[in-house]
Every structure is written in structure tokens, then in C-alpha cells.
Amino acid sequence: MISFEPTEDQKLMVESVAGFARNTLRPRIREFEKERGVSEAVRKTAHELGLGLVGLPESVGGAGLGMTTAVLLEEEVAWGDPAAGFAFGGPGAFGFAVLELGTPEQATAALAPFTADGGHARFGAVAWGEPKPNRDRAGFTTTAKKTDAGWTIDGTKSYVVNADRAEHFVVFAQVDAAAGWRGLGAFLVDKSAKGLKVLARETTLGLDAVSFGGIELTSVVVPDSARLLGGGDFDAALVRFFARHAVIVAARGVGLSRAAFDVTREYVDNRKAFGKPIGHFQAVAFTVADRAMDVDAGRGLVWRAAAAWDAYDAGDRNANDAKECLLRSAHAIAFVHEAAMRCGDDGVQLHGGAGFMRDFPVEKFMRDAKQIGLCGMTAEHADQLAGAVALGVAIDPGLVLPTPETQNAFV
Amino acid sequence: MAIEFSLGKKQLETREGIRGLAKNVIRPQALAWDRAGGIPEEFLRNMARLATSMGSNAMRSGLGDETEEEKREAEKKRGPSGTNLFGVLASEELAWGDAGLLLCLPGPGLGGPPVRGSGTAEQKKRFFGMFEDLDNAPLKWGAYGLTEPNAGSDVSGIRTSCRKDGRHWVLNGRKCYITNGARAVWTVIFATIDPALGRAGHRAFVVEKGTPGFGVGRIEEKMGLRASETAELVLEDCRVPEENLLGGEEKYVSKEGFMTAMKTFDNTRPLVAAMACGIGRAAYEYACDFVKDNYVLSRPIPRYAAIVERLAKVGRSLEAARSLTWRAAWMADNGLANAKEASMSKAMAGQAAIKACIEALENCGAEGSIARDHQLLEKWFRDIKVYDIFEGTGAIQRIVISKRLISDLKSF
Ligand SMILES: Cc1cc2nc3c(=O)[nH]c(=O)nc-3n(C[C@H](O)[C@H](O)[C@H](O)COP(=O)(O)OP(=O)(O)OC[C@H]3O[C@@H](n4cnc5c(N)ncnc54)[C@H](O)[C@@H]3O)c2cc1C
């Protein structure tokens, strides 16, 4: 059956998270921005609300509420502050990486610290990007070499979300240089590993409360058991990780779009020009109508993608269901990235000069919209993914995933 | 309830059935219908029979043919009806087969909803009764006559006049662009007792074919949707019996008369949106197949990535429109007011589908514009444009939407 109605339980959760977003997050977005982080007390509340582990299956220690519940809650959080979802403690992208790439045992062990007491203070991170392309061949410059002790990793990773906060990383490195983008490996690496150095945090256009940085690995040794093999088809698992994570980012994009839309709708109601509210001019009203469609259609696509993942998780995880997930996720993320940018841009525009001032939140939403569009999977990569699925051609990780060779993104 | 997008077993089977019909029976004839400017009656009869046998008047009557009370009654018995959702799913498939077929199907068509919504019991019986015998009687159509040469979007500006004369109403004026207008056994005609009264002056009549003074003007030559008849109707001292005033005199004490005319659209707009999605999808799939057949994907050159991106953008816009369409239909099935959402679906689907057709032609290059046998792309390109025009243009949908978003906005 097709239905757009959340369950009673979901409605209750949405209500409480929406209250938290309205009363705790929204009034403090400028404070979080200035402090470049979400305060510990707020992170604790978020943890108590169960945010962070919602979308992970129970089998690996998650809350088991499903991706649909997760996107409902993520939208509310992002409405309060688009940066918050990234800046709360918790596994974040790391969680989806170990879920898709690790064995159930590896995933359960890797996620254990986040489910324990004090989880709000623990961050996970995925070290994917690199500052420069490898000019001699496709693939990353960071390498992982097999030794008797396990693997030795060398290289520099960049565009890492929460690099300076994380205790646990999934690090991607080249294991087979000749195979280019099809020769990658993934490894669980702790911050405490010898030879791991956290690089300075970047200053960014938007999402100031989120930490963006990198790590340097010099002869970091990890045991063989730290390698995540992706259940036999590493590349397929890799793309699934990106797609699943993209749905969460897309839900945040919807929350951001709605936030920009709401403040703008209110502004055009109250601001008067030529003797009437500016919303009573057609050019303004139609823009508002278009952005409302963006918010609603984006949400529809995100729900559809989340429902596809829930069906995949509930089933036998076959390749066909996975394709459906990839296609739906790609549609959602590409549409929402662009829609969020339109909502932010038009939001500022309809505020006029006031929109440019930091007195109003809308300029932040516009900056955040561009920044969030560079998180996880970009619209361009998502379109390549959707196109490959639709055309039935092999999915090339080098084409559908953000890399220094195409377009780096924060993961 | 839970958020869900999978279809039940029965729905899936039905959709597969319609899909097969669209692919194997409808699509192969679409070009011929386009060229002939119509669809053979025997085929229409079979299609109408099939629609009825599927337990739905949906496809015959332009759907939305339950009144609110009937719907509430039905819901009490069997939970929320799936009528509207089923309607949009079926419409998308049929329009994928041919853009004009649904408009050609016999039945009350767009005239159905106002008669259902405002007609007296006697009128409903009289005007719907005509359509019952599908097997032997000649095929019959109903029509909806609102648009005039000088009033389309601005419905309140209609000038067709009506005045009471004894037991008749006398109508004078012209209606244009009326779907099935020439062949209709009756047409719901909107007229005014006094243009100065605006909407409060509007009256709706069921004007039957053969009524003295009621004639057909020109049949339009159109860019696309050529299998569908679009006619001009002329009313010259046309004497309509008073019992054909829709709903009777008391219905017009308030502004309700006009509102009923507009309510038609809350249910039909998602259907039109779904049809647009179907045509857009047809073009999109055509382009995907063309790329698969003609491009050497094993030897990717940078340009391929650009083409893939083009296709993907179309694919996701259609999906976005479909999601708004399903939502609007789902709301209608659950008795939720959906005027805003219905307009959103139509506004987005019309544009997404037009874009899909334009991009498909672009992707196929010169080949795409050739009108050869089984080459439907240029036809879809011609057919789709009107989906952003009839039942309210994109701008009119945005008026409906923005009035529901912006405070105290009555008009621009
Ligand atoms: C194939 C076909 C079948 C049809 N079938 C029927 C039918 O069965 N019954 C029926 O009654 N009608 C029918 N119509 C008519 C159709 O509903 C109208 O054409 C449509 O509503 C637009 O009206 P119009 O043509 O007068 O354009 P206009 O109202 O003159 O509009 C011209 C342009 O101005 C814009 N515009 C108008 N007003 C505003 C405004 N306030 N703000 C911003 N922009 C505005 C419109 O969006 C449009 O772009 C049909 C039309 C076609 C083409």
C-alpha cells in the first residue's frame, strides 16, 4: 500500500524531536556557530532522545527503528539547525560504513562504544577524501600494504567530518594500486593508533558547528581483522554505504529547506512594500509556491528512499533490492541538494538586504545549503549513480563517488 | 498506517495488467490514432468495458466520481478508499501507452464530477443513467464547458449569459476548447445571470445535445493530443429546461455554485499530473533505450557522463512529481483537504514531463524528431505541452498554492 502517514510511535518521536529543535536548537544556532560546535549539554539531550543510532539495525547494536524513522527525526533536527545532526555525538557516517562494509561481528564491535554510557561524547568518522588526485593512475594516494603484522597504512586523508572529534575511523586506502578505483580497501583505525595525526580543522563557508578536517597516517599498523571486506563485493558495499548515508544527509537537506522556507514565508507575510505585504505580489508568491513544492517533493523522495532501505534490510538484501535503494537514494540526494540551495538562495533574495544580515537566520541557511551539498554524495555523483542504474551499466566507483579526481566531498 | 510505497499484490497485478495493455495494445496504435485524429469506437468500447470490469469508473469518468458523503459512507464500510490512488496509478500507465486515450474514453468525463457533486438525485439518475449500456447502445460522452474565447484562467470572467424565461433558461454565448464537446450527449455549461455579480452570478446547466440553439462550432486542429476531440460550442437563444439547472435554484443562494465547479479539480488534477508523469516517463524510457542501443558504453568518453547526467535529472524530476501526485491522491482517499497538494502535483508534473520530452529529443539527436513508424518521440513532444495548460495552467496552480501559504492573500 502507498501511504504517507507515519506510525503513531513515529508521530510521538517526531513531536518530541521537533520540540527539541524548536526550543533548544533554533534559539541557539548563532551560539553553536560562534562556538563552532554543539554544547555538551545539548549533545547529551540529543543522545537521550536516541538520535544518532536510530537508523542502524538492532543486529549491530542500533536502535532498529529503521531508516524511515531516522529521516523523520533528522529532518526535524536539521530544521532546528542544519549543522546539528553532523555535530551531535554518535557514529554518523562511520556507522553506515561499518554496517555495509564490515561483517556483523565487526560492525557490532565497532559500534559498541557508541551505545554505551557517555555515547554523546564519542564520535566516529570516515576518512575518505584526499587533498590531491593521484596523477599517475586512478585511485587514492594513501596506501595499505600487507605485512606479517597485518596492514601498514600511509597517506593523508582530508575532507573528514569530525576528524578532530572522532575516536574511531574507517580509513580508505589503496590496496591494489593497479586496480585504480576498484582497488580500494577499508580499515578500522582508532585515533590512538601509533602514527595517526589529526590535522588542523578547516574554516568553512557554512555548517560552522560541524568540524571538517583531516588525518595523516604514517606507518600506521592495523591487524588483518581491522580490514572491512564488504562481504565479498567490496565495490558494491562501498556504493551502498555512500547511498545509505546520502539518505540521512538528504533528510537534513529537507529540514534545512523547510527552515529557510518557513522563515521566508513568515517574512513575506509581514514585510510591506508599495502598500501591501510583499507576499501579495505574484512574483514573490510564486517563488514561495515553488519552494514549497521543493520541500514537499524532496521529502517524498527521501521517504521513498528510506522505505526502500527498510525493505532491503527486512528482506534478504538481494542485488535487485540494493539497486532500488541506490536509485531512490540518488534521486533523493540530488533533488534535495539542489532544492535546498534554491530554498536558501530564494530565501535570502525575498528578505532583500535584510537577508544579507546576520540578524536573520536565512543567510546561514543559504551558506549551510551550499555546504551540505558538498557532504557525502554530491548531486553530480548521485546523477551518475542514478544514470548508471537506469541504463543498466556497471557502476564505476570512480564515476559515482566523490573523489579528488572528480569532485571532493566531505564524508 | 506507516509510510510505505510498495503496492499490494492485487494492486501490483492490476498495474501489470494495465502496463501490458499499454505496451502491447495501446502503444502500437498510438501513431495511427494521432494521424487519424481519433480512436476507433470498437476499441473505445472494449477499453470502457475493461475499465468497468476492473470495478472502477475511474478511467471512464475522469475519476473523482464519488461525492464526499458517498466517500464517507464507503469508508465507514471498508476503510479509506483507494480510488484516487488506483486512479493515478492506472492513468500513468494508460497515458504511457497513449497521451490522448483517457480523454477519448466514453463516459461523463470531466462533466461527471460537477453532476455528482451538485446534481440532485433525479439529475444524477437521469444524466448518469445514459451511460449504463456499454454493450449495445452507441458510445456516449459527457463534457465540461467552462472556457470561453475571453475567459480561460479567469473563470469569473465568463460572459455566456443565462436568463429565466418561464420554465426555461435561455443561454447565449460561446464555449471553446471543450474536450469531446461535439460528440457529447450533454455538456455542463457554465453561464452567468449578471457578469457584475462575479462568481455569485454563475449557474451550471446540463445542456443536452439537440437542445434548440445549441450547436457545434469548429473542431480545433491541435499541436498534439490530436486523437482527442476539442470543440467550440455555440449557444444562441438556447432554451434549456429548468430541471437541467444543476442542483436546482436553491443551490445558488450562496457562492457554492462556483465552488462546486472548482472542486472538480481537486480530484482531477492529480490524475492529469499522473498522465503527465506517464508521458514523461515514456519519453524518458525511450531516451534511455536509445542511449543503450546507440552509445558504446563500454568505451566511455566524457560526453557520456554529460548524457547520463541529463537522463538522471529527468528521471528524478519525474520521480519528484510522482511523489507529489501520489500524495495528493492518497490525501483524497483519506478524506483530507488537498487543493494545495493537488495543484502542486499538477504544477510539478506538467513541467517535469515537458522537460522530459524536450531532453529526450535532445538526447536522441536528429533521429528523435523524425515521425517514422513506431517513432513516438516527436508525438510525445507535441502531446505533453497541454498538460501544463488545461485544468489550470502552471501559473494558476501557483495561485492556488500561494493562496494557501500566504496570509490574507485573496487575489493579486
Ligand atoms: C486540449 C485542450 C482541452 C481543453 N479541454 C477543456 C474542457 O474540456 N473544458 C473547458 O472548460 N476547458 C478546456 N480547455 C481550456 C483550458 O482549460 C484553458 O485553455 C486553460 O484554462 C487556460 O485558459 P486560456 O486558454 O484562456 O489562457 P489564458 O487564461 O488567457 O492564459 C494565458 C497565459 O496567461 C497566464 N495567466 C492568466 N491569468 C494569470 C494570472 N492571474 N496570473 C499569472 N498568469 C496568468 C496563463 O498561465 C497563461 O500562461 C482545454 C484546453 C485545451 C488546450
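Protein chains in written order, with the numbering used here: chain L, 1275 to 1685; chain D, 5 to 416.
All C-beta atoms in this analysis are idealised placements derived from N, C-alpha and C, irrespective of residue type, glycine included.
- Apart from sequence neighbours up to five positions away, the residues of its chain that approach Gly1329 of chain L with a beta-carbon distance below 6 Å are Met1341, Ala1344, ordered along the chain.
- Within chain D, Ile7, Arg331, Trp334 have C-beta atoms less than 7 Å from the C-beta of Phe1278 of chain L, given in sequence order.
- Rounded to whole angstroms, the separation of the alpha carbons of Ala1447 of chain L and Glu1679 of chain L is 15 Å.
- Restricted to the stretch 1395 to 1427 of chain L, the beta strand (DSSP E) segments that are unbroken, complete and at least 3 residues in length are 1397 to 1401, 1417 to 1421, listed in chain order.
- Any Cβ of chain L closer than 8 Å to the Cβ of Leu16 of chain D would place that residue at the interface, and such an atom is absent.
- Residues of the same chain with their beta carbon placed closer than 6 Å to that of Arg1632 of chain L are lacking, with the five preceding and five following residues left out of the count.
- Taking C-beta separations shorter than 8 Å and ignoring five residues to either side along the sequence, the partners of Gly202 of chain D in its chain run Ser160, following chain order.
- Relative to ligand 1, Ala147 of chain D has its C-beta within less than 7 Å of a heavy atom.
- Taking every protein chain shown into account, the CB of Glu371 of chain D has fewer than 16 other CB atoms within 10 angstroms, so this residue is exposed.
- Nearest CB-CB separation between Gly12 of chain D and chain L: below the 8 Å threshold.
- Here the C-alpha atom of Arg1456 of chain L lies approximately 49 Å from the C-alpha atom of Val1558 of chain L.
- In this structure, D:Ala332 is the residue among D:Asp392, D:Ala332, D:Arg207 with its C-alpha nearest to the C-alpha of Val92 of chain D.
- Under the Cβ criterion of 8 Å, Met58 of chain D is not counted among the residues facing chain L.
- Shown here, Phe1684 of chain L sits in a strand according to DSSP, grouped into three states.
- Listed along chain L are His1554, Phe1555, Gln1556, Ala1559, each with a C-beta nearer than 9 Å to that of Phe416 of chain D.
- The residues Glu1350, in chain order, have a CB closer than 6 Å to that of Ala1292 of chain L in the same chain once the five nearest residues on each side in sequence are set aside.
- For Asp169 of chain D, the pairing in a beta bridge is given by DSSP as D:His172.
- Chain L places no beta carbon closer than 8 Å to that of Ile22 of chain D, leaving this residue out of the contacts.
- By DSSP's assignment, Gly251 of chain D forms no beta bridge with any residue.
- The nearest non-hydrogen atom of ligand 1 is 7 Å or more from the C-beta of Thr215 of chain D.
- Of all alpha-carbon atoms in L:Lys1597, L:His1321, L:Ser1333, L:Cys1649, the one lying nearest the alpha-carbon of Asp1391 of chain L is that of L:His1321.
- Rounded to the nearest whole angstrom, the CA to CA distance from Arg1411 of chain L to Ala1453 of chain L is 9 Å.
- Contact of Glu1654 of chain L with chain D is assigned, a C-beta pair being separated by under 8 Å.
- Around ligand 1, the residues selected by a Cβ distance under 5 Å to any of its heavy atoms are D:Tyr148, D:Leu150, D:Thr151, D:Gly156, D:Ser157, D:Tyr181, D:Ile182, D:Thr183, D:Thr234, D:Val390, D:Phe394, D:Thr397, D:Ala399, following chain order.
- Under the rule that a run must span 4 or more residues, no alpha helix (DSSP H) segment is found entirely inside the stretch 1425 to 1486 of chain L.
- Residue environment: Leu150 of chain D is assigned as buried (16 or more neighbouring CB atoms within 10 Å of its CB, all protein chains considered).
- Annotation: the continuous beta strand (DSSP E) that includes Ala235 of chain D extends over 234 to 245.
- Ranked by Cα distance from Ala1357 of chain L, the options L:Gln1380, L:Glu1309, L:Arg1578 are led by L:Glu1309.
- By the C-beta density criterion, Pro117 of chain D is buried, having at least 16 other C-beta atoms within 10 angstroms.
- Put simply, the stretch 274 to 284 of chain D touches the stretch 350 to 359 of chain D. At least three CB pairs are less than 8 Å apart.
- Under the three-state reduction of DSSP, Val192 of chain D is assigned to strand.
- With respect to chain L, the C-beta atom of Ala346 of chain D has no partner C-beta closer than 8 Å.
- Our two residues, Asp1509 of chain L and Gln1658 of chain L, have alpha carbons roughly 15 Å apart in a direct line.
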